[in-house]
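*Asks:* Attaching a single structure in structure tokens format; questions to follow.
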Amino acid sequence: MSVLGQTEPKEVFRFFEEISQIPRGTYNTKAVSDYCVNFAKERGLEVIQDEWNNVIMKKNGTAGYENSEPVILQGHLDMVCEKTADSDHDFMKDPIKLMVEDGYVTADGTTLGADNGIAVAMVLALLDSDTIPHPPIEAVFTVDEEVGMNGAMNIDLSPLKGTMLINLDSEEEDVLTAGCAGGFRFVCQIPVEREVMSGKGAEIEICGLRGGHSGVEIHKQRGNANKLAGRLLCHLRHVAEYALVETNGGSKDNVITLANKIKIAAKDLAPLKAAVAEMEAAWKVEFGADEPGLAVKFTELEDADYQVMTEASAKKVIAFLVNCPNGVDEYNRSLPGLVETSDNLGVTETEEGCVRFMVLTRSGTASKLEEFKEKYRCLANLVGGSYEFNSEYPGWMFKEQSKIRPIVLDAFEHIYGKRPEVTTIHAGLECGLLSGHKPELDCISFGPNMIGVHSVEERLEIASAARIWEALKEIMKQCK
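Read in numbering that gives the first Met the number 0, the sequence shown has 124 at position 125, and its numbers run on one by one without any break.
Below is the structure:
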């Protein structure tokens, strides 16, 4: 029995419900990709499916639009798979259990997949229609966006004739995104030598921080536990002698680090414990209401023989933590108030013979990314560390002159009665990778209101989806 059969716009939610019946977590996209191919074949549309399961469809323009410039419509087929602790949902075989509650579409105990299923549904509804005026449409459905954007990274865009691209992977309907950051991961390993020290041990835990997304929330100046660990360890060296055993914080480079655990050994813990309490008090003043849960816990351990880092090794580790770039570096010069370049020291891991660090750097300007690579090379060389750069992806730079943006602005004003905000996002979008393949692309991104994406709280506002659908049809009408 259909859950969304009477939900408007019916032509959109019909396809959203259909693809919700197909398991389509990241790396499990063959079935939904095949669904799209069959959709195209049933309607006589040109279709290309590549080895990654990316799909490109083409439809001619309607009467009066036959010779118009093609418009590229783009979204991704995969979804994030999360469920509640008591859910028995199997994302490899079970359909999403859709629900309608208080004006929203949501799911029963799982992520909804409106990110980015609603984009796919809207594009399919356009391609299915015989009555909506539109220019030639080139639909691009990518895969594995949620983990590395592998589909967009590997897709061949040479079959596309259009240069105007509409990405439907945004989550606030009154905002148009016109640029995003590129980025890379810096991984550095500092070799450490150890020796035995007999003394008292202590564990210091920096915890209670709010964390957050290292792109879209980096400007909020939240505490990074790895950076705070470096500051604390440096400060303690001026208070009393101690030896460093380990420091560990974070598991993902794109998350502002919530906690770091430090283990030390010393002959006398009393002055160190007092200094930790003083630092905690100072941080509470510095961060104020921004970090209400910030705490630094000091736990004394038993007297024992500890395998500690040598003084020289510990100095290098601490120097890296203190001097590694972190936070906002520069703001956008064209769109004041928006972050241009930032870094996040997301992971610190003490391993058997080294301490390993992972930093994610983002920027909307390619030359700034190269500048920070040089900074990291210098830092790694100074502390005697080996390093690599990986997971690099290009940014999508804001264009002062755009053909598609004014069309979208006019269409939104026609539907909403006002022009939306135009901004950039300090996180990765597929537009960056796609523009890397086809530099002449002129991109814009928008979408309906969604709440709690990537979580079991994910919800799609029905009325917002209806308005975005009307705006999309108006855009198609104006692309003549």
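Note that beta-carbon positions come from the ideal geometry of N, C-alpha and C, so glycine has one too.
All values derive from a computational prediction rather than experimental measurement.
Decide yes or no for the touch test of the segment 145-158 against the segment 329-338: beta carbon pairs closer than 8 Å, at least 3 of them.
*Replies:* No: the two stretches stay apart, fewer than three of their Cβ pairs being nearer than 8 Å.
*Asks:* Does the segment 384-399 come close enough to the segment 173-184 to have 3 or more Cβ pairs within less than 8 Å?
*Replies:* The segment 384-399 is in contact with the segment 173-184.
*Asks:* Among ASN27, ALA269, GLU68 and GLY292, which has the Cα closest to the Cα of GLU279?
*Replies:* Considering only alpha carbons, the answer is GLY292.
*Asks:* Compare the Cα-Cα distances from ASP114 to each of ASN166, SER86, GLU137 and PRO132 and report the closest residue.
*Replies:* The option with the nearest alpha carbon to ASP114 is ASN166.
*Asks:* Return the residue from the list LYS82, SER341 and PHE185 that minimises the CA-CA distance to ALA379.
*Replies:* Closest option to ALA379, Cα to Cα, is PHE185.
*Asks:* Take GLY108 and list the residues in its own chain whose beta-carbon comes closer than 7 Å to its own, dropping the five residues that flank it on each side.
*Replies:* These residues qualify, in order along the chain: LYS82, THR83, SER86, HIS88 and VAL455.
*Asks:* In the DSSP assignment, find the alpha helix (DSSP H) that holds GLY431 and state where it starts and stops.
*Replies:* Taken as a continuous stretch (DSSP letters only), the alpha helix (DSSP H) holding GLY431 covers 429-436.
*Asks:* Tell me the start and end of each unbroken alpha helix (DSSP H) in the segment 162-248 that is at least 4 residues and wholly inside, in chain order.
*Replies:* Segments of the alpha helix (DSSP H) lying fully in the segment 162-248: 224-235.
*Asks:* With DSSP as the reference, please indicate the residues paired to GLY43 in a beta bridge.
*Replies:* DSSP, once it has assigned bridges, lists no residue as partnering GLY43.
*Asks:* Given this structure, state the Cα-to-Cα distance separating SER362 from PHE90, to the nearest angstrom.
*Replies:* Cα to Cα, the separation comes out at about 34 Å.
*Asks:* Using C-beta distances below 8 Å, list every residue in its chain close to GLU10, excluding the 5 sequence neighbours before and after it, in chain order.
*Replies:* Answer for GLU10: ALA124, ASP127 and SER128, listed in chain order.
*Asks:* Between the alpha carbons of GLU204 and ASN259, how many angstroms are there, rounded?
*Replies:* Cα to Cα, GLU204 sits roughly 6 Å from ASN259.
*Asks:* Using only CA atoms, which one of GLY229, TRP282, ASP409 and CYS233 lies nearest to GLU469?
*Replies:* Checking every option, the nearest Cα to that of GLU469 belongs to ASP409.
*Asks:* Please classify PRO335 as buried or exposed, where buried requires at least 16 neighbouring CB atoms within 10 angstroms.
*Replies:* Exposed, by the Cβ-count rule.
*Asks:* Does the segment 135-147 come close enough to the segment 24-40 that 3 or more CB-CB pairs lie under 8 Å?
*Replies:* Enough Cβ pairs lie closer than 8 Å, so yes.
*Asks:* For VAL452, count neighbouring Cβ atoms within 10 angstroms of its own Cβ and tell me buried if that reaches 16, exposed if not.
*Replies:* It counts as buried.
*Asks:* Check each candidate in LEU208, SER213 and GLY229 and name the one with the smallest Cα separation from GLY287.
*Replies:* Taking only the C-alpha atoms, the option nearest GLY287 is LEU208.
*Asks:* Per DSSP, ILE255 forms a beta bridge with which residues?
*Replies:* BP columns for ILE255 are empty, so no partner.
*Asks:* Pairs of beta-carbons, one from the segment 303-317 and one from the segment 209-223, closer than 8 Å: are there three or more?
*Replies:* Output reads no: the segment 209-223 does not touch the segment 303-317.
*Asks:* DSSP three-state label for PHE445, please.
*Replies:* Note: PHE445 maps to coil in three-state DSSP.
*Asks:* List, from N- to C-terminal side, the beta strand (DSSP E) runs of 3 residues or more that fit wholly inside the segment 326-351.
*Replies:* Listed in chain order, the complete beta strand (DSSP E) runs (minimum 3 residues) inside the segment 326-351 are 326-330 and 338-349.
*Asks:* How close, in whole Å, do the beta carbons of PRO270 and VAL295 come, if the pair is a contact with beta carbons under 8 Å?
*Replies:* In fact, because the Cβ distance is near 15 Å, the residues do not count as touching under 8 Å.
*Asks:* Using DSSP bridges, identify the partner residues of HIS413.
*Replies:* BP columns for HIS413 are empty, so no partner.
*Asks:* Under 8 Å: do the segment 351-359 and the segment 249-265 share three or more Cβ pairs, one atom per stretch?
*Replies:* They touch, by the three-pair rule.
*Asks:* State the Cα-Cα distance for the pair ILE55 and PHE411, rounded to the nearest angstrom.
*Replies:* Looking at the two C-alpha atoms, the distance is approximately 27 Å.
*Asks:* When the Cα atoms are used, what is the spatial distance from GLU460 to GLY352?
*Replies:* If you take the alpha carbons of GLU460 and GLY352, they lie about 51 Å apart.
*Asks:* Quick one: measure Cβ to Cβ for GLY198 and ALA151, integer angstroms, because I've assumed they're closer than 8 Å.
*Replies:* Not quite, the Cβ-Cβ distance comes to about 54 Å (not below 8 Å), so this is no contact.
*Asks:* Which first and last residues belong to the beta strand (DSSP E) in which PHE297 is found?
*Replies:* It spans 294-308 - the beta strand (DSSP E) in which PHE297 sits, taken as one unbroken run.
*Asks:* With DSSP run on the structure shown, which of helix, strand or coil describes GLU279?
*Replies:* In this structure, GLU279 counts as helix in the three-state DSSP scheme.
*Asks:* Taking 8 Å as the cut-off, decide whether the C-beta atoms of PHE445 and LEU76 are in contact.
*Replies:* The answer is no: Cβ separation not under 8 Å.
*Asks:* Check whether the segment 60-75 and the segment 418-427 touch, using three or more Cβ-Cβ pairs below 8 Å as the test.
*Replies:* The answer is no - the segment 418-427 does not touch the segment 60-75, with fewer than three Cβ pairs under 8 Å.
*Asks:* Taking the beta carbon of PRO22 as the centre, do at least 16 other beta carbons fall within 10 Å, making it buried, or is it exposed?
*Replies:* Looking at its Cβ environment, which holds 16 or more other Cβ atoms inside 10 Å, PRO22 is buried.
*Asks:* What do you reckon, are the CB atoms on ILE117 and PRO447 nearer than 8 Å?
*Replies:* A contact, by the Cβ cut-off of 8 Å.
*Asks:* Nearest-angstrom Cα distance between GLY210 and TYR103?
*Replies:* Answer to the nearest angstrom: the Cα atoms are 28 Å apart.
*Asks:* Measuring only the C-alpha atoms, how far is LYS367 from GLN400?
*Replies:* Rounded to the nearest angstrom, the two C-alpha atoms are 22 Å apart.
*Asks:* For a test of the three-state rule: what should DSSP assign to TRP395, helix, strand or coil?
*Replies:* If DSSP states are grouped into helix, strand and coil, TRP395 belongs with the strands.
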